[in-house]
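Heads up: the first sequence begins at 4 in our numbering, then just goes up one per residue.
Using N, Cα and C, we set each Cβ at its ideal position, and we do this for glycine too.
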Amino acid sequence: MYKVKKYKLVPRAVPQNIYEKLDEEQQNAVLNSEGRSIIIAGPGSGKTRVVTYKIVHLISRGVSPKRILLMTFTKAAAKEMIARARQVTGRDLNEMVAGTFHSVCNLFLRKYAQHVGYDNNFTILDRDDSKDLMRLVRSRVLSRMPAEMKKFIPHPEVLVSINSYMMNTLSDLSAAIKRKNPMLLDNYEIISEILAEYSIEKRKQNVMDFDDLLVNTLRLLQEKSRVKERLSEQFEWILVDEFQDTNKVQYMIVEELASKHGNIFVVGDDAQSIYSFRGARFENVEDFINIPGTRIFRIQTNYRSTQSIVELVNALIPSKSVPKVLKAIRSDGEKPVVVKTFDEEEQAQFVGQRIEELVEEGMRFSDIAVLYRTHKFSMRIEMELASRGIPYRILSGLRFVELAHIKDVLAFLRIVLNPLDAVSWVRIAKLFEGVGDKTASKLADTVARYVQSGVSYLDAIDAVRSSRKSALSKLREILENMKDMESPSEIIDFLMDDFYEEYLSYRYEDADERAQDVRKLSELASRYENLERFISDITTAENVESEEGTNESDRVTLSTIHQAKGLEWKAVFVISVNPGDFPNAIALREGNLDEEERLFYVAITRAKDQLYIVHQLFGSANPYVENYIKFSKGMNFIDRIPENLVEFWET
DNA sequence: TCCGGGGTTTTTTTT
DNA sequence: AAACCCCGGA
Numbered sequence: 004m005y006k007v008k009k010y011k012l013v014p015r016a017v018p019q020n021i022y023e024k025l026d027e028e029q030q031n032a033v034l035n036s037e038g039r040s041i042i043i044a045g046p047g048s049g050k051t052r053v054v055t056y057k058i059v060h061l062i063s064r065g066v067s068p069k070r071i072l073l074m075t076f077t078k079a080a081a082k083e084m085i086a087r088a089r090q091v092t093g094r095d096l097n098e099m100v101a102g103t104f105h106s107v108c109n110l111f112l113r114k115y116a117q118h119v120g121y122d123n124n125f126t127i128l129d130r131d132d133s134k135d136l137m138r139l140v141r142s143r144v145l146s147r148m149p150a151e152m153k154k155f156i157p158h159p160e161v162l163v164s165i166n167s168y169m170m171n172t173l174s175d176l177s178a179a180i181k182r183k184n185p186m187l188l189d190n191y192e193i194i195s196e197i198l199a200e201y202s203i204e205k206r207k208q209n210v211m212d213f214d215d216l217l218v219n220t221l222r223l224l225q226e227k228s229r230v231k232e233r234l235s236e237q238f239e240w241i242l243v244d245e246f247q248d249t250n251k252v253q254y255m256i257v258e259e260l261a262s263k264h265g266n267i268f269v270v271g272d273d274a275q276s277i278y279s280f281r282g283a284r285f286e287n288v289e290d291f292i293n294i295p296g297t298r299i300f301r302i303q304t305n306y307r308s309t310q311s312i313v314e315l316v317n318a319l320i321p322s323k324s325v326p327k328v329l330k331a332i333r334s335d336g337e338k339p340v341v342v343k344t345f346d347e348e349e350q351a352q353f354v355g356q357r358i359e360e361l362v363e364e365g366m367r368f369s370d371i372a373v374l375y376r377t378h379k380f381s382m383r384i385e386m387e388l389a390s391r392g393i394p395y396r397i398l399s400g401l402r403f404v405e406l407a408h409i410k411d412v413l414a415f416l417r418i419v420l421n422p423l424d425a426v427s428w429v430r431i432a433k434l435f436e437g438v439g440d441k442t443a444s445k446l447a448d449t450v451a452r453y454v455q456s457g458v459s460y461l462d463a464i465d466a467v468r469s470s471r472k473s474a475l476s477k478l479r480e481i482l483e484n485m486k487d488m489e490s491p492s493e494i495i496d497f498l499m500d501d502f503y504e505e506y507l508s509y510r511y512e513d514a515d516e517r518a519q520d521v522r523k524l525s526e527l528a529s530r531y532e533n534l535e536r537f538i539s540d541i542t543t544a545e546n547v548e549s550e551e552g553t554n555e556s557d558r559v560t561l562s563t564i565h566q567a568k569g570l571e572w573k574a575v576f577v578i579s580v581n582p583g584d585f586p587n588a589i590a591l592r593e594g595n596l597d598e599e600e601r602l603f604y605v606a607i608t609r610a611k612d613q614l615y616i617v618h619q620l621f622g623s624a625n626p627y628v629e630n631y632i633k634f635s636k637g638m639n640f641i642d643r644i645p646e647n648l649v650e651f652w653e654t
């Protein structure tokens with residue numbers, strides 16, 4: 004028996020007036036949110052600021068940074084909030100656990116992977132990798148079936164997306180299939196068999212896809228009480244940003260992690276939920292509110308946009324969202340402009356010319372953004388801006404890590420980390436002449452067998468090589484040389500010098516540009532000593548470009564609306580607002596228009612001072628669109644705009 | 001049986 | 001830009 008004296012640590016003083024930068028609504032949300040709280044925050048209402056000051060508040064109350072968990076939609080958002088909170092508190096907040104759900108779950112799993120049947124050196128499959136593995140498994144199952152069954156088996160990407168939907172149906176396969184396409188229910192047995200095998204294969208190969216990062220973390224928490232106890236003890240406070248775009252599993256992870264202290268602070272706006280295709284479930288907001296004792300705060304004052312813009316925004320609040328009226332703080336400003344152009348060509352000209360005028364009037368290029376529904380609309384604008392010498396950056400487009408050459412190089416790094424990663428083996432083997440699908444899969448299989456029985460994969464290559472040509476000799480030599488290297492950049496440089504640069508110039512017309520990308524990868528890698536950290540970071544990073552902070556220079560931003568979420572510019576052009584382009588043709592066909600409405604809402608609320616909504620005289624140039632438009636009267640966003648709130652221009 | 005060249009098609013958004 | 005299909009040749 005001994006007595007414990009409670010020794011209370013006095014928090015270090017934080018300046019008294021720190022909250023003066025917040026208005027009443029915001030202060031209330033920050034200071035009075037205890038236990039479970041949800042902040043319903045309209046666009047431009049200072050949501051980032053509120054989360055930032057919540058961190059400040061917790062720190063000033065003596066909560067240790069390492070006991071705060073911050074989940075955000077992008078890593079950049081987390082970084083920004085932490086940097087600002089550090090400025091205010093003067094405290095080093097490096098110990099806070101913060102990032103996207105995926106990166107945080109990855110962090111947990113690197114520690115506890117064995118508890119869910121994995122090794123800690125698992126590698127992560129991105130979307131393409133998942134598809135590759137699914138294709139592999141699919142053809143294996145297919146080969147066991149009579150040929151006439153073949154036509155009933157859905158394509159790999161369909162299978163991948165069904166598999167992904169199970170995150171929200173909580174492993175109910177028939178519900179997931181139904182959500183994708185009810186007709187596919189006839190093939191339930193086959194789909195079920197393929198997906199089961201896909202799961203087994205991932206485990207065998209020690210790889211996780213994006214969903215696994217979440218699902219396995221949830222399983223870890225649900226099934227391993229000691230781990231759950233540790234983590235839920237550690238995190239006294241859990242902060243979640245963009246809560247409307249979380250899925251069911253993410254929400255459940257939050258509840259598990261908060262099971263000890265019960266402090267959850269979530270921020271979101273149901274009107275801005277735009278990721279349902281990926282499982283986002285704005286009903287999470289309702290579920291959260293419906294738990295007794297939850298405190299609800301609303302912050303609906305808009306600081307971002309001029310009153311003219313806010314008036315339009317209020318007129319276009321998505322129909323399926325909690326009714327709300329934003330209150331403008333800023334004065335009038337110029338009315339938003341609806342611009343009718345003849346075709347896409349003219350639209351590009353208009354955008355280019357107008358940007359030049361705005362800059363002449365004193366705006367910076369970096370104050371301007373062009374937003375579109377799909378990537379394909381960036382092309383014309385890009386050409387136009389290039390021809391006028393207007394500097395721009397593309398936020399969307401092919402992601403860096405999805406470029407073929409980057410994936411090639413990363414595949415080498417991945418097998419060093421995890422030699423069971425079959426997708427990577429197939430990828431690198433096929434770089435060598437004379438090696439195709441068959442030999443590559445055979446190599447991957449052989450490697451798996453050898454490695455599992457403790458034999459070096461170099462011997463596995465020998466085994467395959469002797470039965471075929473000597474195409475794999477070079478690969479063996481490369482891997483042998485790589486064996487002693489540890490730092491990721493060293494490996495990349497070696498690969499480039501040894502064969503990859505040569506391969507590029509033989510294979511691609513634009514070899515120089517691709518080589519440059521690889522050197523950029525090496526440069527990124529040089530900041531990491533640890534291979535696993537580098538690979539994890541780069542596969543869970545949403546945007547490599549912004550990570551390295553090259554956006555200091557003065558450039559116009561081109562982006563999809565999805566990627567523009569959370570950002571703002573003085574002048575925003577929303578282009579190709581034609582039924583079939585935006586709202587998107589597939590959404591029109593599927594009657595999935597609520598989300599398009601929300602997307603339009605997100606687009607127009609990015610603008611601070613000037614908003615241009617541009618459409619074409621004859622609508623979409625997409626040849627597939629006409630049929631759908633017939634059935635979709637009233638889905639032209641332009642028609643919904645109240646005439647008195649905007650100006651009309653015509654080129 | 002397997003590889004690879006040549007030609008064709010692609011419908012969205014992405015951690 | 002890359003995935004898919006078809007077919008000639010090894």
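field: Limits of the unbroken alpha helix (DSSP H) element including Ser40
entry: Per DSSP, Ser40 lies in no alpha helix (DSSP H); the unbroken beta strand (DSSP E) holding it starts and ends at 39-44.
task: Have a look at Trp240, Met488, Ser262, Glu98 and flag the residue whose alpha-carbon is nearest the alpha-carbon of Lys231.
output: When the alpha-carbon of Lys231 is set against those of Trp240, Met488, Ser262, Glu98, the nearest one is in Ser262.
- request: Tell me, please, whether the segment 477-486 touches the segment 395-412 by the rule of three or more beta-carbon pairs shorter than 8 angstroms.
  value: Flag = no, the segment 477-486 and the segment 395-412 do not touch.
- prompt: What residue range is occupied by the uninterrupted beta strand (DSSP E) comprising Ala101?
  reply: Annotation for Ala101: the continuous beta strand (DSSP E) segment containing it runs 100-103.
- request: Mark Lys672 as exposed unless 16 or more other C-beta atoms lie within 10 angstroms of its C-beta, in which case mark it buried.
  value: Only positions 4 to 654 of the chain appear in the structure, and residue 672 is not among them; the question remains open.
- request: Taking Lys338 as the reference, give the member of Val605, Val575, Asn97 with the closest Cα.
  value: For the residues Val605, Val575, Asn97, the minimum Cα distance to Lys338 belongs to Val575.
query: Does DSSP put His264 in a helix, in a strand, or in coil?
result: Residue state, collapsed to three classes: coil.
- prompt: Using CA coordinates, which residue listed in Ala318, Tyr56, Thr560 is at the minimum distance from Glu646?
  reply: If you compare the alpha carbons of Ala318, Tyr56, Thr560 with that of Glu646, the shortest gap goes to Ala318.
- prompt: Rounded to the nearest angstrom, how far is the Cβ of Val270 from that of Val53, given a contact under 8 angstroms?
  reply: The Cβ separation is near 7 angstroms, so the contact holds.
message: Using 8 angstroms for Cβ pairs, my map puts Val404 next to Asp129. What's the rounded Cβ distance?
response: Val404 to Asp129, Cβ: 7 angstroms. Contact.
field: For Tyr615, the three-state DSSP class (helix, strand or coil)
entry: In this structure, DSSP gives Tyr615 an extended state, which the three-state scheme calls strand.
query: For the beta strand (DSSP E) that Ser562 lies in, which residues bound it at each end?
result: Looking at the DSSP string, the run of the beta strand (DSSP E) that includes Ser562 is 559-563.
- prompt: Terminal residues of the continuous alpha helix (DSSP H) containing Leu498?
  reply: Segment 491-498, the alpha helix (DSSP H) holding Leu498.
- prompt: So is Ile302 buried or exposed if we call it buried at 16+ other beta carbons inside 10 Å?
  reply: Buried, because 16 or more other Cβ atoms sit within 10 Å of the Cβ of Ile302.
- request: In angstroms with no decimal places, state the Cα-to-Cα distance between Ile495 and Glu535.
  value: Each residue's Cα considered, the two are about 14 angstroms apart.
query: Per the contact definition of three or more C-beta pairs closer than 8 angstroms, is the segment 347-358 in contact with the segment 300-316?
result: The answer is no - the segment 347-358 does not touch the segment 300-316, with fewer than three Cβ pairs under 8 angstroms.
message: With a threshold of 8 angstroms, are at least 3 pairs of Cβ atoms found where one atom belongs to the segment 181-190 and the other to the segment 156-172?
response: Here the segment 181-190 lies against the segment 156-172, with 3 or more beta-carbon pairs under 8 angstroms apart.
query: Can you tell which of Glu650, His565, Ile58 has its C-alpha closest to the C-alpha of Asp248?
result: Closest in C-alpha terms to Asp248, from the list Glu650, His565, Ile58, comes His565.
query: Arg417 lies in the alpha helix (DSSP H); which residues open and close that run?
result: Counting along the chain, Arg417 sits inside the alpha helix (DSSP H) bounded by residues 407-420.
- prompt: Of all the beta strand (DSSP E) runs that stay within the bounds of the segment 135-213, which reach a length of 3 or more residues?
  reply: Residue ranges of uninterrupted beta strand (DSSP E) with 3 or more members, entirely inside the segment 135-213 and ordered along the chain, are 210-212.
- prompt: Do the segment 269-283 and the segment 598-605 touch if we need at least three Cβ pairs shorter than 8 angstroms?
  reply: Yes, the segment 269-283 touches the segment 598-605.
message: Considering just the uninterrupted stretch of the beta strand (DSSP E) at Ala574, what are its terminal residues?
response: Counting along the chain, the beta strand (DSSP E) containing Ala574 begins and ends at 572-577.
message: Let me check understanding here. Comparing Cα to Cα, which of Leu478, Gly583, Val119, Ala518 lies closest to Phe621?
response: Taking only the C-alpha atoms, the option nearest Phe621 is Gly583.
query: So which of Lys568, Ile431, Val454, Met255 has the shortest CA-CA distance to Ala443?
result: Ranking Lys568, Ile431, Val454, Met255 by Cα distance to Ala443 puts Ile431 first.
query: Between the segment 49-64 and the segment 23-31, are three or more C-beta pairs nearer than 8 angstroms?
result: Touching, per the Cβ criterion.
Segment limits, beta strand (DSSP E) that includes Ile127: That run of the beta strand (DSSP E) goes 126-128.
message: Among the candidates Lys573, His408, Gln455, Tyr460, whose CA atom is the shortest distance from the CA of Asp513?
response: That would be His408, whose Cα lies nearest to the Cα of Asp513.
field: Which of helix, strand or coil DSSP assigns to Glu532
entry: Glu532 falls in the coil class under three-state DSSP.
- prompt: Apart from the five residues just before and just after Arg643, which ones in its own chain have a Cβ nearer than 7 angstroms to its Cβ?
  reply: The residues are Leu319.
task: Kindly indicate which residue of Asn421, Phe585, Ala466, Arg89 has the alpha-carbon position closest to the one of Tyr121.
output: It is Asn421.
message: Measuring straight from C-alpha to C-alpha, what distance separates Pro46 and Leu315?
response: Between the C-alpha atoms of Pro46 and Leu315 there is a straight-line separation of about 13 angstroms.
field: Three-way DSSP call (helix, strand, coil) for Met255 in this model
entry: Looking at Met255 - three-state DSSP - the assignment turns out to be helix.
message: Quick check on the burial criterion: 16 or more other C-beta atoms within 10 angstroms. Buried or exposed for Arg383?
response: With a threshold of 16 other beta carbon atoms within 10 Å, Arg383 meets it and is buried.
task: In angstroms with no decimal places, state the Cα-to-Cα distance between Thr77 and Val243.
output: In this structure, the CA atom of Thr77 is about 12 angstroms from the CA atom of Val243.
message: Quick check on Tyr375: does DSSP put it in helix, strand or coil?
response: The answer is strand: DSSP assigns Tyr375 an E or B state.
query: With burial defined as no fewer than 16 other Cβ atoms inside 10 Å of the residue's Cβ, what is the status of Tyr191: buried or exposed?
result: Exposed, because fewer than 16 other Cβ atoms sit within 10 Å of the Cβ of Tyr191.
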